[in-house]
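Asks: Mind looking over this structure? Questions follow.
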Amino acid sequence: MTSHEGMSREGAGVRARLAAQLAAGGLRLTGSAPPVELVRLDEADAEALFRLIDANRAHLREWLGWLDATDSAANVREFIAESRRQFDDDGTIVWSIRHDGEPVGVISFHAIAWDELRASLGYWLARPAMGRGIATSALRAVVAFGFGGLGLRCLRARIAPGNTRSAALVRRLGFRSVGIIDPGEWLYGRSVAHEVFELEDMS
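Residue numbers (the numbering used here): 1185 to 1387.
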């Protein structure tokens, strides 16, 4: 990973632990109840991930703004390549959520604010995989990785106020609402606010 001049000792420590995790196991995570495996996306995953996106396009389009720009596996491959390049700069990690060996969604650190010891999270799940505890298991694994594995102090998620399933998921794991960003994003011709949820490591 590239070095940043002037980075705090704590931020440098997070970067070092992240590099060690990558070297040791490729950043693979596991969750239980139900069992899930989180595998860092590689460009070879583009075809399978595009098929999953395409089969769930109407479902995902309700809250994700990138569906219209994702009309081929090549678009997905470009996204994966960019996310892997960003890893060297800001620690971005995008995992495939796998259940029973099959990809069912995606979960990510959007970026790490090194000196604030904070990361932002995002996730989506295919419709057939919803309501089975899979997203909870995956998010719990990422929270444990962020706090226990990396030594972060805060995790953040931005969720549109009408997205009640996502809000219920983060609340279930102890995230609390800390404010509203309005506008949060432009979503298919309409302005959508974002409610900001945060979870702090109190250990």
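We put the CB at the ideal spot given by N, CA and C, even for glycine.
Just so we're clear, the structure is a prediction, and the values are computed from it rather than from any experiment.
1) What is the DSSP secondary structure of Gly1298, counted as helix, strand or coil?
2) Please name the residue, chosen from Arg1235, Ala1322, Leu1305 and Gly1285, that lies closest to Thr1214 on a Cα-to-Cα basis.
3) Do you know offhand how far Thr1254's Cα is from Gly1195's?
4) Which partner residues does Gly1210 have in the DSSP bridge list?
5) According to DSSP, which residues form a beta bridge with Trp1370?
6) Determine the extent of the alpha helix (DSSP H) in which Ala1341 is found, giving its start and end residues.
7) Determine the DSSP secondary structure at Pro1287, reduced to helix, strand or coil.
8) How would you call Ala1319, buried or exposed, if buried means at least 16 neighbouring beta carbons within 10 angstroms?
9) Which partner residues does Ser1280 have in the DSSP bridge list?
10) One question on the structure: do Gln1235 and Leu1222 come within less than 8 Å of each other, judged by their Cβ atoms?
11) Pick from Val1198, Ile1264, Arg1356 and Arg1316: whose alpha carbon is nearest that of Ala1232?
12) Under 8 Å, do Arg1349 and Pro1218 count as touching if we go by C-beta distance?
13) Going by other Cβ atoms of all chains shown within 10 Å of its Cβ, with 16 needed for buried, is Asp1284 buried or exposed?
Replies: On the basis of the supplied data:
1) Here the question's residue 1298 lines up with position 114 in the sequence shown. Just to set this straight, residue 1298 is Trp in the shown sequence, not Gly. Of the three classes helix, strand and coil, the one that applies to Trp1298 here is helix, per DSSP.
2) Translated into positions along the sequence shown, residue 1214 becomes position 30. Checked all of Arg1235, Ala1322, Leu1305 and Gly1285; the closest Cα to Thr1214 is Ala1322.
3) As a first step, residue 1254 is located in the sequence shown; it is residue number 70 there, counting from the start. As a first step, residue 1195 is located in the sequence shown; it is residue number 11 there, counting from the start. Rounded to the nearest whole angstrom, the C-alpha separation of Thr1254 and Gly1195 is 34 Å.
4) One-based indexing of the sequence shown puts residue 1210 at position 26. Beta bridge pairing from DSSP links Gly1210 with no other residue.
5) Translated into positions along the sequence shown, residue 1370 becomes position 186. According to DSSP, which records beta bridges pairwise, Trp1370 is partnered with Ser1375.
6) Residue 1341 sits at position 157 when you count from the first residue of the sequence shown. Careful: Ala1341 lies outside any alpha helix (DSSP H), inside the beta strand (DSSP E) at Cys1338 to Ile1343.
7) As a position in the sequence shown, residue 1287 is number 103, starting the count at 1. Three-state result, Pro1287: strand.
8) What you label residue 1319 is simply residue 135 of the sequence shown in a count that begins at 1. Buried, since its Cβ has 16 or more Cβ neighbours within 10 Å.
9) On the sequence shown, residue 1280 is found 96 positions in, with the first residue counted as 1. According to DSSP, Ser1280 bridges with Val1223 and Val1290.
10) Along the sequence shown, read from residue 1 onward, the residue named residue 1235 stands at position 51. Along the sequence shown, read from residue 1 onward, the residue named residue 1222 stands at position 38. With the sequence shown as reference, residue 1235 is identified as Arg, and Gln is not the correct amino acid for it. Against a cut-off of 8 Å, the Cβ pair of Leu1222 and Arg1235 comes out as no contact.
11) As a working note, residue 1232 is residue 48 in the sequence shown. Comparing alpha carbon positions, the residue from Val1198, Ile1264, Arg1356 and Arg1316 closest to Ala1232 is Ile1264.
12) Along the sequence shown, one-based indexing puts residue 1349 at 165. Along the sequence shown, one-based indexing puts residue 1218 at 34. No. Outside cutoff.
13) Numbered from 1 along the sequence shown, position 100 holds the residue referred to as residue 1284. Within a 10 Å sphere around the beta-carbon of Asp1284 sit fewer than 16 other beta-carbons, which makes this residue exposed.
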